[in-house]
Every structure is written in C-alpha cells, then in structure tokens.
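Residue numbers (the numbering used here): 1 to 268. Beta carbons: idealized from backbone N, C-alpha and C, even for Gly. Below you'll find the structure, written out as structure tokens, and then a few comments.
Here it is as structure tokens:
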C-alpha cells in the first residue's frame, strides 16, 4: 500500500470512529465531514437536501456550481432511492447535506428560479431548449405546448418527451405547461402534484378549466385592444365586463387586437 493511501485510510478510520457511542442518528452533514477529513475533493461528488414544497418533500441535488437533479418524495421516494436514481442518471454520488445550494430556498419560496444555475448537460440539445423555455414562464402563469415549441424552436412533438425527462421538477416548472387544449401536461409529475403547485402559485384552476370547457384560449381587453394568455398578469387585470374571449390568435387579429408583448400568445 502506498504511503498516501495508508494515510487516507487512517484518516477515514479516525473519522468513522467518531460514530462510536452516538445514541442518535448522525447529523445530515456527517458524511460530508468524513469526505472532507479524508481529503476527497468537492468536485468529485454532489450534495443533496430535503426541502418542503406545496406538493410535498423535494430532494434537490447540486454540484459545486449548479443544481444537478431533483425529485418529489410524494410518491414514496426515499433518500436512499433518490441517491441511487441520481447516481444512475449523473454517474455521481449524492451525499446528504444540511445546507442547500445557494438560491434554491428563495427560488422555491417565490417560484422564480429562472436564474438559478441548473445543469441540463445530460439531455439532448432539443430537450435543453425545451426546458430552458419552460424556465422563462413566470410564476402563477401557464403556457401551452405550442408556445414552448415556438420558444424552443423545436417540433411540438418534441416538447412532451422533453418534459417527461425533466431532471429538476418544480425548479424547472413543468407544472406551468399545458397541452394546447388547456389541460395540464404534468409529464414529469405524480398525480396531484401539479395541481398543488399551481394552486400555491395563485392560479385559479376552476377559472382555467371553465375557459377551457368554453373553448377560450385567449382573453382580450376591449379598452387596450390587446389579447393575452388567460393567466398572463395583464389578462388577470382585465375587469370582467371588458374581457373579450378568443379561440385563436387569428380570430383576435381579425378583430383588431394586438398580441401581448409580455406573454407573446400564439395559436398552435
């Protein structure tokens, strides 16, 4: 055995010896202390935390520079299972930590994670483009698959498959994507999780469903002559008596309405 290997093994044995006599479970960051003590470089592994969201617990893993994965625990996912899934997907170990990646907690609290560093390198270029487009959807708003396809410059058929492979649900907010019919997509979420996340963001699910049943895709204002997606911040400020429903962007254009520059509506 090399001298350096012997010294590393000795340090590991000493660190492991700290467990002897503990009556309770070790702290969340115990494994990290061991790794640091034996000289394992931070770049060689990821860390993860367990945080609470309106849809239940969320495991969030990160490397030194970006979030590398996430998964809701609402389907009974355990910490051990998350570690294994993360290892299979990224080929990196995820070590439990007590400290989340900088910016994750505010992003979950506000719903604004667009600037949070997220590593999507394990996906194709088209899949990354789809998820980056999803990241631009503001909290409390919805966008259809056709809108995502236009923003990402990919075929519509590519979008749902990319959403199903979303490695960072909630933080990459696929729950804000609907089918072009207006029905929630939720390709990467367990049943009920999407509704819980949308409700927490103040989206009126009953109103959205009512508009969908009536075939309403866009809402215009007869005072500004601008039309929007129904959940756009501008559309929510239109008082009911001034709302004008439209089924297509073409219909709105023929009526003399202009597309909102914020939500940039498009007919699929």
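Ranked by how close their Cα comes to the Cα of residue 214, the residues 246, 235, 62, 221 have 246 in first place. Linking residue 44 to residue 64 through their CA atoms gives a straight-line distance of about 9 Å. Counting along the chain, the unbroken beta strand (DSSP E) around residue 246 starts and ends at 243-246. Restricted to the segment 30-110, the alpha helix (DSSP H) segments that are unbroken, complete and at least 4 residues in length are 30-37, 79-90, 104-110, listed in chain order.
In the three-state DSSP reduction, residue 183 falls in the coil class, being neither helix nor strand. By the Cβ-count criterion, residue 175 is buried, with 16 or more other Cβ atoms from all chains shown falling within 10 Å of its own Cβ.
The Cβ-Cβ distance between residue 197 and residue 177 does not fall below 8 Å. The beta carbons of residue 98 and residue 46 sit about 15 Å from each other, so the pair does not count as a contact at 8 Å.
Note on residue 188: 16 or more other CB atoms within 10 angstroms of its CB, so buried under the neighbour-count rule.
Under DSSP, residue 221 takes part in a beta bridge, and its partners are 226, 243. Burial check for residue 86: the Cβ neighbour count within 10 Å reaches 16 or more, so the residue is buried. Contact between residue 201 and residue 111 holds, with the beta-carbon distance rounding to 6 Å and staying under 8 Å.
Between residue 137 and residue 173, the gap from beta carbon to beta carbon is short of 8 Å. A distance below 6 Å between beta-carbons, with the five flanking residues on each side excluded, links residue 126 to the following residues of its chain, in chain order: 154, 158. In the structure shown, the three-state DSSP call for residue 259 is strand.
The bridge partners DSSP lists for residue 177 are 143. Between residue 119 and residue 66, the gap from beta carbon to beta carbon is short of 8 Å. DSSP lists 172 as the bridge partner or partners of residue 169. Here residue 70 really is in contact with residue 61; their C-beta atoms are around 7 Å apart, less than 8 Å. Collapsing the DSSP output to three states places residue 216 in coil.
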